[in-house]
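>
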Amino acid sequence: MVVLAPPAPGTLEDLRRRFFATPLQALLSLISLTVMVFLAWKLLNWAIFSAVFTTSGGPEACQAAAGACWSVIAARWRIILFGLYPFEEQWRSALACVTVVVMTVLSCIPAFWTGRRIALVWGAGTALFPRRP
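The sequence shown begins at 55 in this note's numbering and counts up one residue at a time.
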């Protein structure tokens, strides 16, 4: 006699079992979902829908807006990223930032979690920026 395993639960069944197993768990799940949707809406409204993106209206447009003032980023991005670092040398800071971001992203990919591959990733980063005495 062959005994077959029961079928794997579907997505809806899995969600019901995880978040709605008991009445209290269902209530907490719905409250949490409501709070997350409310916060996401408030964030989107502030960051995108009610935001000012251009400098055409001047400072008055930013003061009158109910959302973020992204025109400051467009006008001052270089000073925000590099501070008072000399203009001719800003490529160094940009290259260092890109290298750190790439190395961090590659370190998060499971394919690079072997000793040789992670050493290759971090070795390439340290070869680009050797330590100075």
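Every residue, glycine too, gets a C-beta built ideally from N, C-alpha and C. Source: prediction; values computed, not measured.
On the three-pair Cβ rule with 8 Å, is the region 115-127 touching the region 136-147?
Taking 8 Å as the limit for Cβ pairs, the verdict is that the region 136-147 does not touch the region 115-127.
> Identify the continuous alpha helix (DSSP H) that holds W95 and give its terminal residues.
77-98
> First and last residue of the alpha helix (DSSP H) that includes L149?
Residues 144-161.
> From the DSSP output, in three-state form, read off V106 for me.
Note: V106 maps to strand in three-state DSSP.
> Considering V126, what are the terminal residues of the alpha helix (DSSP H) in which it resides?
125-136
> So what does DSSP say about V56, is it helix, strand or coil?
Under the three-state reduction of DSSP output, V56 falls in the coil class, being neither helix nor strand.
> Within its chain, find whatever has a CB closer than 7 Å to the CB of A188; leave out the 5 residues flanking it on each side and keep chain order.
Missing from the structure shown is residue 188; the chain here goes from 55 to 187 and no further.
> For S110, which option in I134, S147, A129 has the closest C-alpha, if you only look at C-alpha atoms?
A129
> Can you tell me the Cα-Cα spacing of V155 and A118, whole angstroms?
36 Å
> Using the Cα positions of T168 and A150, report the straight-line distance between them to the nearest angstrom.
24 Å
> What's the C-alpha gap between V152 and P77?
49 Å
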